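Residue numbers (the UniProt record's numbering): 1 to 723.
For each residue, glycine too, the CB sits at the ideal point set by N, CA and C.
Just so you know, these numbers come straight off a predicted model, no measurement behind them.
Working notes, structure below.
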Amino acid sequence: MNLDHIASSIPDATLSRRSFLATAAAGGAFMLSLSLPLGKSEAASPEGFAPNAFIRIGRDGQVALTMPYVEMGQGTYTSVPMLIAEELDVSLKQVRLEHAPPNEKIYANPLLGVQATGNSNAMRGAWKPMREAGATARSMLVAAAAKRWAVDPESCRTQDGEVVHPQTNRRLTYGELAAEAAKLPVPKAVALKPAADFKLIGTPAKRLDGPGKVNGTAVYGIDVRPPGLKVATLVQSPVFGGRVKSVDDAEAKAVKGVRQIVRLDDAVAVVADHMGAAKKGLAALKIEWDDGPNAGLATADIARELEQATLRSGPVAQNLGDADKAMAGAATKVEAIYQVPFLAHATMEPMNCTVHLRKDECEIWIGNQAIARVQAMAAKAAGLPAEKVIVHNHLIGGGFGRRLDADGAVRAVEIAKHVDGPVKVVWTREEDIQQAMYRPYWFDRISAGLDDKGMPVAWKNRFAGSSVIARWLPPAFKDGLDPDTTEGAIDLVYNLPNFHVEYVRVEPPGIPTAFWRSVGPSHNVFVTESFIDELAAAAKQDAVAYRRALLDKSPRAKAVLDLAAEKAGWGQALPKGSGRGISLQFSFGSYMAHVAEVEVSKDGAVRVRRVICAVDCGTVVNPNTVQAQIQSGIVFGTTAALYGEITLKNGRVEQGNFDTYQILRINEAPAIEVHVVKSTEPPGGMGETGTSAIVPAIANAIFAATGKRLRKMPIDTSVLKSA
């Protein structure tokens, strides 16, 4: 995604990449506040920053970091503290994390301009500002020690949370210096450590959130239990846009533990002492629905609408040269149609939110990727000003983009209006899948012209589908385009001199769309990397060699392509029915190549045996996290390739649980190898890159094994059956 494009779209966003730093004394503690650059500066006085401090060092030397990002399994709560600890010269054990409260001006991601964790950019956004915060704090602590000792600050050193004066062997802990450091002026500029001096960055650090998750002390949104808590679960209209016609709740009220039934316009909730009673009460409800205007909607209807949309022109996402002229003179033409389906997130922690709505205040406990958005939308639902809505954020048991939206919090507030005291609203798995917000369905009409040597001289792609950005962040949707929807379809690593891509926005009726792990690239990389494979086949050339010939302008892309091919043993023989497929991408600021080895049985079943990944993601902060993220993304994307599909029939989502929305099982997981290219470039994104790269690698491997080209996901095993 073009982050600068998004940031520049947001009103009053001044993205200079500079941090405003200030200190304030509070109870003898040294508080360093880092304001990410959004909106008008509030750096007029130190006091203005103290309530929103990022770093706080107490008398005990403990470093408290108010974390502007959220942890949903991706390792952010270890990697971001590593940046602070590196420049501050403390161990990770000395850093304690606190969830940031909602505050767009202080805690906004500097690359997005909004307070959100997504788009694989937590490390990209934190890389410079957090290091500057640590370096500034260290500089001020050194200055405080030097002043006390009456020595030159240049003669002092820092290590393990202490300032040391080697000549006299004197030392003071950061805790002992905190109050004095807080009174010193903030330096206008600080030098950051060169990579050669890194002690933490680049080393495999153990997860800070690991012990709590193992011993059960970690608190997720679903774990909170304020005094007097009741638990609710709900059923919403099975057709989006439908309404409740009538409810017979007599049997539900008779269930032991059920306290009340809450009827809303389009949903019914059962409030009980515990989840078991709430579910029994829900099952006992007799509800008649008015399905509304989308009652007859089917997936095929949406697909036809998208297909028709690609027959008309749309806004031009990128144009190079003259593709029409080059196509007319091409020796060979290749055309294809690609489709990808709606997908659900199916996170392990189902949707949940706890709300205590009082007369003039609302308190919320949740795990969400965009906490300020939760506050704003909950305030609107509650009829309160935003400052009267207190939001406590927690660890998230899987986000994948689903928790960038606040619909779950809004629904919980609507229910809480009818409940005396706090109520925890938990969605069942069926509700979580059937009433979700989905990765969009996309339809591509793509073509290319080849010269007499089989090399591309023209490339044209027109695709249609929903724009999540247009709904979620309207200012970033400009002239019919947004950078998320087009990432992976434009600015390709290949040398394609005549290149034309159009996007036609079509919002499907009856099904809401949302961010999904790798979002736009999850669609576009599948199409572009499958199609470049088609061109190689049409030219009767090796898939790796064909790509390499087009990479003169991108040495980093060529390096990961070569590394993946080498480690995979590209070109070596495989058993009959097996094949290797390659994919290459530059997405989320990282270069990545995947080689997938698949086996296709006579009945068409596909088994992904091995995946080799080569990645250049710039400077690696925590190698453990990089490897884990790639492994996770590969499993997530392999699930989508083999099984992932949400379908509609009579306006209803047909999938309801993991029996019908299948997830890759442990025994199906491929062997995964990760090879990282050493780099001194700033970090690239890692949370989503593996997901978008794996699907075309699998599809291309199936072609290598069977000679059958798959242009629609998920894989249709019936077309792969041996004759």
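Does residue i pass the burial test, meaning 16 or more other C-beta atoms within 10 Å, or should it be called exposed?
i: residue 687; result: buried
i: residue 228; result: exposed
i: residue 192; result: exposed
i: residue 460; result: buried
i: residue 274; result: exposed
i: residue 236; result: buried
i: residue 483; result: buried
i: residue 154; result: exposed
i: residue 38; result: Low confidence applies to residue 38: its pLDDT is 22, below 50, so where it sits in the model is not reliable enough to give any reading.
i: residue 602; result: exposed
i: residue 646; result: buried
i: residue 650; result: exposed
i: residue 225; result: exposed
i: residue 217; result: exposed
i: residue 199; result: exposed
i: residue 424; result: buried
i: residue 563; result: buried
i: residue 168; result: exposed
i: residue 123; result: buried
i: residue 713; result: buried
Quick test of your reading: residue i and residue j, contact by CB under 8 Å. State the CB separation rounded to the nearest angstrom.
i: residue 625; j: residue 694; result: Not confirmed; about 18 Å, so no contact.
i: residue 511; j: residue 720; result: So it is not a contact: roughly 29 Å between Cβ atoms.
i: residue 700; j: residue 583; result: 7 Å
i: residue 72; j: residue 398; result: 6 Å
i: residue 144; j: residue 85; result: Residue 144 to residue 85, Cβ: 19 Å. No contact.
i: residue 412; j: residue 355; result: 5 Å
i: residue 95; j: residue 65; result: 6 Å
i: residue 427; j: residue 233; result: 7 Å
i: residue 178; j: residue 287; result: With 8 Å as the limit, residue 178 and residue 287 do not qualify as a contact, their Cβ atoms being about 60 Å apart.
i: residue 102; j: residue 371; result: 5 Å
i: residue 704; j: residue 569; result: With 8 Å as the limit, residue 704 and residue 569 do not qualify as a contact, their Cβ atoms being about 14 Å apart.
i: residue 137; j: residue 201; result: About 17 Å; that fails the 8 Å criterion.
Could you tell me which of the options sits nearest to residue i, measuring between CA atoms?
i: residue 353; options: 74, 526, 231 and 457; result: 231
i: residue 386; options: 361, 720 and 537; result: 361
i: residue 658; options: 418, 433 and 207; result: 433
i: residue 358; options: 366, 420 and 326; result: 420
i: residue 253; options: 246, 262 and 88; result: 262
i: residue 310; options: 505, 573 and 572; result: 505
i: residue 609; options: 371, 620 and 595; result: 595
i: residue 346; options: 415, 437, 321 and 290; result: 437
i: residue 344; options: 292, 403, 366 and 325; result: 403
i: residue 468; options: 519, 452, 489 and 502; result: 519
i: residue 539; options: 264, 334, 325 and 187; result: 334
i: residue 617; options: 559, 672 and 578; result: 559
i: residue 730; options: 289, 221, 239 and 222; result: Because the chain in this structure spans residues 1 to 723, residue 730 falls outside the shown range and cannot be described.
i: residue 281; options: 293, 133 and 268; result: 268
i: residue 272; options: 207, 265, 422 and 531; result: 422
i: residue 121; options: 589, 673, 106 and 377; result: 589
i: residue 291; options: 305, 240, 276 and 501; result: 240
For residue i, does the three-state DSSP call read helix, strand or coil?
i: residue 621; result: coil
i: residue 11; result: The predicted position of residue 11 is uncertain, since its pLDDT is 38 and thus under 50; a value taken from the coordinates is nonetheless stated next. The answer is coil: DSSP assigns residue 11 none of H, G, I, E or B.
i: residue 456; result: strand
i: residue 482; result: coil
i: residue 50; result: Low per-residue confidence applies at residue 50: pLDDT is 27, beneath 50, and the placement is therefore not dependable enough to give any value.
i: residue 583; result: strand
i: residue 677; result: coil
i: residue 447; result: strand
i: residue 220; result: strand
i: residue 103; result: coil
i: residue 514; result: coil
i: residue 716; result: coil
i: residue 131; result: helix
i: residue 214; result: helix
i: residue 722; result: coil
i: residue 471; result: helix
i: residue 138; result: helix
Residue ranges of each beta strand (DSSP E) run of no fewer than 3 residues wholly in the region 54-100, ordered along the chain?
Restricting attention to beta strand (DSSP E) runs no shorter than 3 residues, the region 54-100 encloses them at 55-57, 63-67 and 95-99, ordered along the chain.
Please go through the region 602-670 and give each complete beta strand (DSSP E) segment of 3 or more residues, from N-terminal end onward.
With a minimum length of 3 residues, the continuous beta strand (DSSP E) runs that stay inside the region 602-670 are 606-616.
Ignoring anything shorter than 3 residues, give me the beta strand (DSSP E) runs that lie fully in the region 286-373, in order along the chain.
Segments of the beta strand (DSSP E) lying fully in the region 286-373: 286-290, 316-320, 332-340, 352-357 and 362-366.
In chain order, what are the residue ranges of uninterrupted alpha helix (DSSP H) at least 4 long that sit wholly in the region 141-204?
174-181, all fully within the region 141-204.
Residue ranges of each alpha helix (DSSP H) within the region 527-601, 4 or longer:
If we require 4 residues or more, the alpha helix (DSSP H) runs fully inside the region 527-601 come out as 543-548 and 555-568.
Taking the runs of the beta strand (DSSP E) that are 3 residues or longer, which of them lie wholly in the region 228-280?
DSSP runs (the beta strand (DSSP E)) wholly in the region 228-280: 230-236, 243-248, 258-263 and 267-272.
Beta strand (DSSP E) runs contained entirely in the region 390-448, provided each spans 3 or more residues
Secondary structure within the region 390-448: the beta strand (DSSP E) runs of 3 or more consecutive residues, fully enclosed, are 423-426 (chain order).
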